[in-house]
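Numbering (the working numbering), first residue to last: 2 to 253.
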């Protein structure tokens, strides 16, 4: 197999990702399938709950109900709610549209199954936390997963110039911490965001940092995940010779 091409961040790259489409429908149709599906589900959950058409009590993560009444859908639906319509909700949706789309289109270009497997592994890190640490009870892990995407984007593009709301300029490597600080100023609980960073760093360490130093490559996308992605999205994902596009660069 050929090695996956390394993606190098440039200003042109960012302009391609964020370039406005001819119309909102054109922009929506241009989104890659996984980010589009998740973003749509998040928007739909907020919209339907806002009008009382969906009861959030049927969606949040409750391990007692998952195990006792086999309500296994909660393992997925708790990632599909980013909060009520508000500024934090808008910011999270924008983060999916920018950082999730960038990862799917560039870092994991042509490797949709690897992208899905990355998301599933990070989901697997977040889900057991309430059961393992009773003091941490988070009903919806959607915001945490959004922060995971932000963290991975920052590690893939550590030297890119970025800013928070166009006011505070910094290198992308520090953006997750800057966003965390902004959340604190706005009175948000930092724990979900910190857990997202934890999940993202664990994946990045196993997929990139550890193999880079000569360690064993622990993360390999299983064939059932490739078959599932082909069934759902009609796209075949070629196996990658390296675990991530940045396998030979970045900051430890």
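From the three backbone atoms N, C-alpha and C, an ideal C-beta is built for every residue, glycine too.
Simplified DSSP assignment, three categories, for residue 68: For this step, residue 68 is matched to residue 67 along the chain shown. In this structure, residue 68 counts as helix in the three-state DSSP scheme.
Buried or exposed: which applies to residue 145, given that a residue is buried once 16 or more other Cβ atoms fall within 10 Å of its Cβ? Here residue 145 refers to the residue found at position 144 of the chain shown. Buried.
Using only CA atoms, which one of 116, 82, 136, 225 lies nearest to residue 101? As a first step, residue 101 must be located in the chain shown, where it is residue number 100. The residue with the shortest Cα to Cα distance from residue 101 is 116.
Please report the straight-line C-alpha distance between residue 162 and residue 68, rounded to a whole angstrom. Taking the first residue of the chain shown as position 1, residue 162 is located at position 161. Taking the first residue of the chain shown as position 1, residue 68 is located at position 67. Straight through space, the alpha carbons of residue 68 and residue 162 are spaced by roughly 46 Å.
Is it right to say residue 160 is buried, meaning 16 or more other beta carbons lie within 10 angstroms of its own, or is it exposed? By one-based count along the chain shown, residue 160 stands at place 159. By the 10 Å Cβ count, residue 160 comes out exposed.
Expressed to the nearest angstrom, what Euclidean distance is found between the alpha-carbon atoms of residue 82 and residue 42? Within the chain shown, residue 82 is the residue found at index 81, counting from 1. Within the chain shown, residue 42 is the residue found at index 41, counting from 1. In a straight line, the C-alpha of residue 82 is about 8 Å away from that of residue 42.
For residue 139, name the three-state secondary structure that DSSP assigns. Indexing the chain shown from 1 puts residue 139 at position 138. Per DSSP, reduced to three states, the secondary structure at residue 139 is coil, with no helix or strand assignment.
For residue 119, name the three-state secondary structure that DSSP assigns. Start at 1 with the first residue of the chain shown, and residue 119 comes out as number 118. Three-state DSSP puts residue 119 in a helix.
Check whether the segment 163-182 touches the segment 107-114, counting contact only when three or more Cβ pairs, one atom from each stretch, lie closer than 8 Å. Taking 8 Å as the limit for Cβ pairs, the verdict is that the segment 107-114 does not touch the segment 163-182.
Taking 8 Å as the cut-off, decide whether the C-beta atoms of residue 270 and residue 104 are in contact. Since the first and last residues shown for the chain are 2 and 253, residue 270 lies out of range.
Quick one: grab the DSSP three-state call for residue 198. Indexing the chain shown from 1 puts residue 198 at position 197. Taken through DSSP and simplified to helix, strand or coil, residue 198 comes out as helix.
Which residue's Cα is closest to the Cα of residue 108: 86, 79, 33? Here residue 108 corresponds to residue number 107 of the chain shown, with the count starting at 1. The residue from 86, 79, 33 with its alpha-carbon nearest to that of residue 108 is 33.
Could you please give the first and the last residue of the uninterrupted alpha helix (DSSP H) stretch that includes residue 85? Here residue 85 corresponds to residue number 84 of the chain shown, with the count starting at 1. For residue 85, there is no enclosing alpha helix (DSSP H), as DSSP marks it with neither H nor E.
Could you name the residues that DSSP lists as bridge partners for residue 171? Walking along the chain shown from the start, residue 171 turns up at place 170. Per DSSP, 163.
Are the beta-carbon atoms of residue 47 and residue 90 separated by less than 8 Å? What you label residue 47 is simply residue 46 of the chain shown in a count that begins at 1. What you label residue 90 is simply residue 89 of the chain shown in a count that begins at 1. In contact: residue 47 and residue 90 (Cβ atoms closer than 8 Å).
Span of the alpha helix (DSSP H) holding residue 27? By one-based count along the chain shown, residue 27 stands at place 26. Unbroken alpha helix (DSSP H) run through residue 27: 25-31.
Near residue 236, what residues of its chain come up, given a Cβ to Cβ distance below 6 Å and the 5 sequence neighbours on each side ignored? What you label residue 236 is simply residue 235 of the chain shown in a count that begins at 1. Non-local beta-carbon contacts of residue 236 in its own chain, meaning distances under 6 Å to residues more than five positions away in sequence, involve 113 in chain order.
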